[in-house]
Amino acid sequence: MKAWGDEQLERIVSGLLIAGVSLSAAVVLLGGFGFLWQHGAQVADYHTFRGVAQQYRSSRGVVRAATSLDWRGVVQLGLLMLIITPIARVAFSLVGFAVERDGTYAALTALVLAILIYSFVAPH
Amino acid sequence: MTNLEFTGLVLGISGVAGCLGALTGLGGGVVVTPALTLLLGVEIRYAIGASLVSVIATSSGAAAAYVREGYSSIRIGMFLETATTLGALLGAYLATRIPTGVLGIIFGVVLLHSAWASSRGRPKDMAGKPDSLADRLRLNGSYPGEHGPQSYQVTHVKTGWGLMFGAGTVSGLLGIGSGALKVIAMDQAMHVPFKVSTTTSNFMIGVTAAASAGIYLSRGYIEPALAMPVMLGVLAGSLLGARQLVGARVRVLRWIFAGVVAVMAIQMIVNGVRGM
Numbered sequence: 088m089k090a091w092g093d094e095q096l097e098r099i100v101s102g103l104l105i106a107g108v109s110l111s112a113a114v115v116l117l118g119g120f121g122f123l124w125q126h127g128a129q130v131a132d133y134h135t136f137r138g139v140a141q142q143y144r145s146s147r148g149v150v151r152a153a154t155s156l157d158w159r160g161v162v163q164l165g166l167l168m169l170i171i172t173p174i175a176r177v178a179f180s181l182v183g184f185a186v187e188r189d190g191t192y193a194a195l196t197a198l199v200l201a202i203l204i205y206s207f208v209a210p211h
Numbered sequence: 005m006t007n008l009e010f011t012g013l014v015l016g017i018s019g020v021a022g023c024l025g026a027l028t029g030l031g032g033g034v035v036v037t038p039a040l041t042l043l044l045g046v047e048i049r050y051a052i053g054a055s056l057v058s059v060i061a062t063s064s065g066a067a068a069a070y071v072r073e074g075y076s077s078i079r080i081g082m083f084l085e086t087a088t089t090l091g092a093l094l095g096a097y098l099a100t101r102i103p104t105g106v107l108g109i110i111f112g113v114v115l116l117h118s119a120w121a122s123s124r125g126r127p128k129d130m131a132g133k134p135d136s137l138a139d140r141l142r143l144n145g146s147y148p149g150e151h152g153p154q155s156y157q158v159t160h161v162k163t164g165w166g167l168m169f170g171a172g173t174v175s176g177l178l179g180i181g182s183g184a185l186k187v188i189a190m191d192q193a194m195h196v197p198f199k200v201s202t203t204t205s206n207f208m209i210g211v212t213a214a215a216s217a218g219i220y221l222s223r224g225y226i227e228p229a230l231a232m233p234v235m236l237g238v239l240a241g242s243l244l245g246a247r248q249l250v251g252a253r254v255r256v257l258r259w260i261f262a263g264v265v266a267v268m269a270i271q272m273i274v275n276g277v278r279g280m
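If you're matching them up, the sequences are chains A and B in order.
Counting in the numbering used here, the first sequence runs from 88 upward without gaps.
Counting in the numbering used here, the second sequence runs from 5 upward without gaps.
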């Protein structure tokens with residue numbers, strides 16, 4: 088019996104994606120209900136671009152807004168978790184290929200992960 | 005319109021977009037952006053931000069099912085992601101140096117041609133010879149067909165990688181998932197079966213989109229109140245679409261795909277001409 092192979096990797100990658108998406112969807116849904124409960128009757132206006140308030144633009148600001156029960160901050164936290172999900176998938180695949188002792192794919196995956204991290208950290 | 009009504013409307017539109025996106029491998033974002041701007045008058049940058057988030061939701065939501073059922077190939081996806089992410093870096097670098105109006109027009113023309121090519125299907129005699137690089141990279145695999153597992157041979161690996169690099173560059177330049185180009189690179193160049201191409205494209209789009217999402221977030225494009233119904237709607241729609249895939253006819257999928265790509269191409273050309 089093969090202890091570790093592509094099928095195991097597929098199952099775990101699939102599970103990771105489901106967990107990431109479900110969790111973030113749940114947080115977004117919770118924040119959405121809260122937002123509509125408080126602001127549902129107000130007029131929606133997205134015709135002109137003002138840019139989102141500063142606290143919703145960085146991960147630190149989002150976490151702070153969410154923990155102070157600002158409902159839009161809770162939604163934004165869920166969206167942030169969603170953005171991280173594919174990156175976590177790549178990071179996990181790296182571990183998977185390493186355990187499989189597949190050097191070629193471990194290297195390819197490490198390259199993708201490095202590029203992703205660079206695109207997040209590099210000044211815009 | 006109140007926030008409640010607006011949220012309901014966006015939820016419905018996004019549901020349809022997500023279903024279409026999952027079936028074609030394009031991602032729901034292609035339909036969401038024009039729908040939000042043209043139908044609801046949402047400012048383009050808010051629409052792009054929300055659609056980008058929805059792209060990640062479609063990709064990850066549908067990909068989870070496709071990977072488990074054995075449609076998407078993790079190896080083809082992982083190998084080609086080196087091309088798309090490197091291309092995305094180049095695109096982001098070039099973005100400030102080339103007028104986007106010109107790019108939109110070029111991209112639109114390329115897409116129109118590919119819509120036409122995709123609707124015609126792949127000629128049988130172009131089966132191609134086995135590629136030794138595909139063997140070495142273990143890209144060949146199998147997927148669930150009508151009569152049990154069907155195996156496939158990947159060809160023209162280098163051409164496919166080059167096309168994917170181009171797709172990644174376009175993503176970085178124009179801020180889109182470029183699922184259409186991904187599907188074409190796999191289907192037309194590498195001779196990956198259509199269902200494997202669309203599902204693997206779906207699997208890859210999340211990574212491409214995540215790379216640009218950080219930039220959009222810091223620029224203030226992602227408005228939570230707007231992105232909330234878009235993300236939830238597209239996610240629900242994509243899960244529904246993924247369930248339809250097993251019984252779906254490839255011929256019908258090709259036509260839906262070609263139609264959506266053609267509409268998107270014309271829209272990009274019009275926007276490009278307007279932006280010049």
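Backbone N, C-alpha and C fix where the C-beta goes; we use that ideal spot for every residue, glycine too.
Residue-level contact to chain A via CB, residue i, 9 Å cutoff
i	result
V254 of chain B	no
D135 of chain B	no
F169 of chain B	no
M190 of chain B	no
V36 of chain B	no
N7 of chain B	yes
F111 of chain B	no
V211 of chain B	yes
V264 of chain B	no
A184 of chain B	no
P153 of chain B	no
V161 of chain B	no
Test: residue i CB closer than 9 Å to a CB of chain B
i	result
S101 of chain A	yes
G119 of chain A	yes
Q95 of chain A	no
A178 of chain A	no
T196 of chain A	yes
L110 of chain A	no
G92 of chain A	no
T154 of chain A	no
Y205 of chain A	yes
R144 of chain A	yes
R98 of chain A	yes
Within 9 Å, strictly: CB atoms of residue i and residue j
i	j	result
T202 of chain B	G91 of chain B	no
L8 of chain B	G127 of chain A	yes
V251 of chain B	G108 of chain B	First, the residue type needs correcting, since residue 251 of chain B is Gly and not Val in the sequence shown. No.
Q163 of chain A	P228 of chain B	yes
A171 of chain B	A87 of chain B	yes
M168 of chain A	V114 of chain A	yes
G245 of chain B	G81 of chain B	no
L84 of chain B	G164 of chain B	yes
T89 of chain B	V264 of chain B	no
G45 of chain B	V35 of chain B	no
A96 of chain B	G176 of chain B	yes
Coil, strand or helix - residue i by DSSP
i	result
T135 of chain A	coil
P228 of chain B	helix
S146 of chain B	strand
P38 of chain B	helix
Y75 of chain B	coil
S146 of chain A	helix
V59 of chain B	helix
S201 of chain B	helix
S155 of chain A	coil
T159 of chain B	coil
Residue burial classification, residue i (beta-carbon count within 10 angstroms, cutoff 16)
i	result
R176 of chain A	buried
R147 of chain A	exposed
W158 of chain A	buried
M268 of chain B	buried
G149 of chain B	exposed
L167 of chain B	buried
F10 of chain B	buried
T41 of chain B	buried
M272 of chain B	buried
M190 of chain B	buried
M5 of chain B	exposed
A139 of chain A	Correcting the residue identity first, residue 139 of chain A is Val in this sequence and not Ala. V139 of chain A comes out buried.
S136 of chain B	exposed
Residue i Cβ short of 8 Å to the ligand ZN heavy atom set
i	result
F169 of chain B	With respect to the ligand ZN, the structure shown offers nothing to examine, as it has no ligands at all.
| Are three or more beta carbon pairs between the segment 202-214 of chain B and the segment 164-178 of chain A nearer than 8 Å? | yes
| With contact counted as at least three CB pairs below 8 Å, one residue from each stretch, are the segment 185-204 of chain B and the segment 69-88 of chain B in contact? | yes
| request: Report yes or no: do the segment 92-106 of chain A and the segment 65-72 of chain B share at least 3 C-beta pairs separated by less than 8 Å? | output: yes
| Just checking, does the segment 190-200 of chain B make contact with the segment 153-160 of chain B on the three C-beta pairs under 8 Å criterion? | yes
| query | Taking contact to mean at least 3 C-beta pairs separated by less than 8 Å, is the segment 149-157 of chain A in contact with the segment 192-201 of chain A? | reply | no
| Can you find at least 3 beta carbon pairs, one from the segment 232-247 of chain B and one from the segment 49-64 of chain B, that sit closer than 8 Å? | yes
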